[in-house]
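One structure is given here, and the rest of the page talks about it.
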Amino acid sequence: MLNIKIIIGSTREGRFSEKPAQWIFEEIKKQGDIEAELIDLRDYPLPFFNEATSPAMNKGIYANEVAGRLAKKIEEADGYIIAAPEYNHGYPAVLKNAMDFIYNEWNKKPVGFVSWGGVAGARSVEQLRLVAIELQMTPIRNAVHIPSFWTALDEGGKLKTESLQKSADDFIAQLLWWAKALKAARIS
Ligand SMILES: Cc1cc2nc3c(=O)[nH]c(=O)nc-3n(C[C@H](O)[C@H](O)[C@H](O)COP(=O)(O)O)c2cc1C
């Protein structure tokens, strides 16, 4: 069974990120035979990265208790979906900080992105792909980009997903293909 973690990539009050994160979490659970879990960065209140040892060298020993907890969750996964906003044409600092705290546990696993913003989060996702490569992840080609996110919620505050469904289906299929392939490679 594949273990997929969905990371909510912003923490501010009133954030939009939890809507697409929750939706893609429900979508991936529909696949069956997947152990899916939401990771909310609010539950991992990390300081700005200031460790004496580079996470690449820490042999799984985390001086910071919160980072250690997060690393355990990251280690469990066979793949990741990150729901990532665009802040000033880049990724949110809170997300990059969490990514920086961990190294080995990310390695050799696929990551895909769900994003939104003025240009549907495209600039943030492109930058996150570069970060993912350095963390030895495989960033997948497909993504879910939510255009005009300020019109994307219905009157009840629910994400309108009809126009996103095809890209979500293709995205999930591609992520799971890579998750399966890389899991087989990791254990061979
Ligand atoms: C600090 C900050 C910078 C932003 N910069 C951009 C930007 O460069 N491009 C963009 O499309 N949206 C930008 N936005 C708007 C966000 O896309 C929008 O607020 C979105 O809801 C952010 O996701 P969140 O609600 O999960 O934090 C910015 C928002 C904030 C708070």
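Plus 1178 on top of the position in the sequence shown (first one is 1) and you've got our numbering.
Heads up, the beta-carbon is just placed ideally off N, CA and C, and yes, glycines get one too.
Can you grab the Cα-Cα spacing for the pair ILE1252 / PRO1263, in whole Å? Taking the first residue of the sequence shown as position 1, residue 1252 is located at position 74. Taking the first residue of the sequence shown as position 1, residue 1263 is located at position 85. Near 20 Å, if we compare the C-alpha coordinates of PRO1263 and ILE1252.
Where does ASP1256 land, buried or exposed, given buried means 16+ other C-beta within 10 angstroms? Here residue 1256 is taken as the residue at index 78 of the sequence shown, counted from 1. The residue is buried, with at least 16 neighbouring Cβ atoms inside 10 Å.
I think ALA1300 touches PRO1198, with their Cβ atoms under 8 Å apart; what is that distance to the nearest whole Å? Sequence index remark: in the sequence shown, residue 1300 carries index 122 (1-based). Sequence index remark: in the sequence shown, residue 1198 carries index 20 (1-based). Rounded, the Cβ-Cβ distance is 15 Å, inconsistent with contact.
Own chain residues within Cβ distance below 7 Å of THR1231, not counting five before or after: Residue numbering aside, residue 1231 sits at position 53 when the sequence shown is read from its first letter. Here the set comprises nothing.
Residue span of the beta strand (DSSP E) that contains ILE1182, given as start and end: Here residue 1182 is taken as the residue at index 4 of the sequence shown, counted from 1. Where ILE1182 is concerned, the enclosing beta strand (DSSP E) stretches over 1180–1186.
Length of the line joining the Cα atoms of ARG1190 and LYS1274: One-based indexing of the sequence shown puts residue 1190 at position 12. One-based indexing of the sequence shown puts residue 1274 at position 96. Near 15 Å, if we compare the C-alpha coordinates of LYS1274 and ARG1190.
Taking the straight line between their C-alpha atoms, what separation do you get for ILE1259 and ILE1184? For the purposes of this step, residue 1259 is taken as the residue at position 81 of the sequence shown. For the purposes of this step, residue 1184 is taken as the residue at position 6 of the sequence shown. Going by the C-alpha atoms only, they are around 5 Å apart.
Closer than 7 Å: ARG1319 CB and nearest ligand 1 heavy atom: Looking up residue 1319 in the sequence shown gives position 141. The answer is no for ARG1319.
Could you check if PRO1317 is buried or exposed, using at least 16 other CB atoms within 10 Å of its CB as the buried criterion? Counting from 1 along the sequence shown, the entry for residue 1317 is found at position 139. Answer is buried; the Cβ neighbour count reaches 16.
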